Amino acid sequence: MAANGIDASRGGTDWTAGEVAVLLGSYFLMLADELAGRPYSKKEQFLGVMKLIGRSKGSVEFKHQNVSAVLDEIGLPWIQGYKPRDHYQDSLAEAVGQHLIQHPDLLNLAKPGAIKIPAESNILVAPPLLNSDPESRPAGIRRLIGKFDPAARDERNRALGKAGEEFVVGFERRRLERAGRDDLARNVRWVSDLDGDGYGYDVQSFETDGEERLLEIKTTCGNERTPFWMSKRECDVAAEKGDTYRVRRVFHFRNQVQMFDIAPPLETRLLLTPATFMAAPR
């Protein structure tokens, strides 16, 4: 053991359950403080974990980023500065899952609050390539996604959905104003808020040439590949209004929010899986 408390002989060895528990306790304390806007010392927490478990700075930092990657996969926010990094063991995903089961209040950390907004030019990005098979993910993270179901959780989180819609309305108005189309900006409508749900889209906006855009907003705190629910009504309207309809996916809502658009036909860009059925007695 070195004078700084780091045990060099443990480099490259698997983390024990006890070591992971220490790090998770510290991680979620910092995350709660960050999302609540409370001051905290990341350096102090980091050094405390190093001292308690005797792991190197690089090892502890990488493990923090692994935790961020797990949270990102299940649609939860993560600590700014610990950008998600893959290549974690199934045991870490299982440990995060157990920690969330024991502390279910942590699942509410995704509620809307102050969001990190990058430069406007970096918010609307290209959609991800359609090349990810959910079954290609490691078994541990697939089990965790099934257990915590980020798509269903986001769908139930009315406050998150409303905050995402409000964000898009503001973004669309600013985009049109910057293009010198104040007339169009004034006509951007938050349809679901003003007229109620049931239209199959949430926001009526425009291209700078005046062409109408009907936007169905889907918001998550997770990454760009977090699954989401679409209703039959939304799919029907997308097919009917193909030229003007867009699904706008808002992601990383609490971590440098970004978004992308999906144009119909939806089945060419989305993996649509039947999830519920209408049933009636025969």
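Using the numbering used here, you'd call the opening residue of the sequence shown number 70 and step up by one each time.
Glycine included, every Cβ here is placed at the ideal spot set by N, Cα and C.
Predicted model only: the values in this text are computed from it and were never measured.
For Met119, the first and last residue of its enclosing alpha helix (DSSP H) | Segment Lys111 to Ile122, the alpha helix (DSSP H) holding Met119.
Taking Cβ positions, are Ser137 and Trp147 nearer each other than 7 Å?
-> Yes, Cβ-Cβ distance for Ser137 and Trp147 is below 7 Å.
C-beta atoms of Asp252 and Val260 nearer than 7 Å = No, Cβ-Cβ distance for Asp252 and Val260 is not below 7 Å.
Is the stretch 120–136 close to the stretch 153–168, with three or more CB pairs under 8 Å?
-> These segments touch.
Quick one: give me the first and last residue of the beta strand (DSSP E) that Phe329 is part of.
-> Gln327 to Ile331
Which term fits Leu93, buried or exposed, when burial requires 16 or more other beta carbons within 10 angstroms of its beta carbon?
-> buried
List the endpoints of the continuous beta strand (DSSP E) containing Phe275.
-> Counting along the chain, the beta strand (DSSP E) containing Phe275 begins and ends at Val272 to Phe275.
Please say whether Cys290 and Leu100 have beta carbons closer to each other than 7 Å?
-> no
Please confirm whether Thr277 and Ala232 have their CB atoms less than 7 Å apart.
-> no
The beta strand (DSSP E) spanning Arg315 covers which residue range?
-> From DSSP, the beta strand (DSSP E) with Arg315 extends over Tyr314 to Phe320.
From the DSSP output, read off the bridge partner residues of Trp259.
-> Val272
Measure the beta-carbon distance from Glu47 to Gly279 and round it to whole angstroms, keeping in mind my assumption that it falls under 8 Å.
-> Nothing about residue 47 can be read from this structure; the chain reaches only from 70 to 351.
C-beta contact flag for Thr288 and Leu229 at 7 Å | yes
Three-way DSSP call (helix, strand, coil) for Glu280 in this model | In the structure shown, the three-state DSSP call for Glu280 is coil.
Nearest candidate by alpha-carbon position, reference Tyr430, set Glu293, Phe115 and Thr295 | Given a span of 70 to 351 for the chain in the structure shown, any question on residue 430 remains unanswerable.
Would you grab the beta carbon distance between Val237 and Leu284 for me? Rounded to a whole angstrom, and I think it's under 8 Å.
-> 6 Å
For Asp266, which of Val306, Arg250, Leu339 and Leu245 has the nearest alpha-carbon?
-> Val306
Taking the alpha helix (DSSP H) that Ile192 falls in, what are its first and last residues?
-> Counting along the chain, Ile192 falls outside any alpha helix (DSSP H), and DSSP gives it neither H nor E.
Whose C-beta lies closer than 7 Å to the C-beta of Ile214 among residues of the same chain, with five residues either side of it excluded?
-> Glu142 and Ile143
Between Asp173 and Ile331, is the Cβ-Cβ spacing less than 7 Å?
-> The sequence given here places Pro at residue 173; Asp does not occur at that position. Contact: no.
Helix, strand or coil: which one does DSSP assign to Thr337?
-> helix
With a CB to CB cut of under 7 Å and the five nearest residues on each side skipped, what residues in its chain are close to Ala72?
-> Residue placement at Ala72 is poorly supported in this model, since its pLDDT is 48, which falls under 50; the coordinates still yield a value, given next. So the list is empty, once near-sequence residues are dropped.
Tell me, please, which residues DSSP counts as bridged to Thr288.
-> Val319
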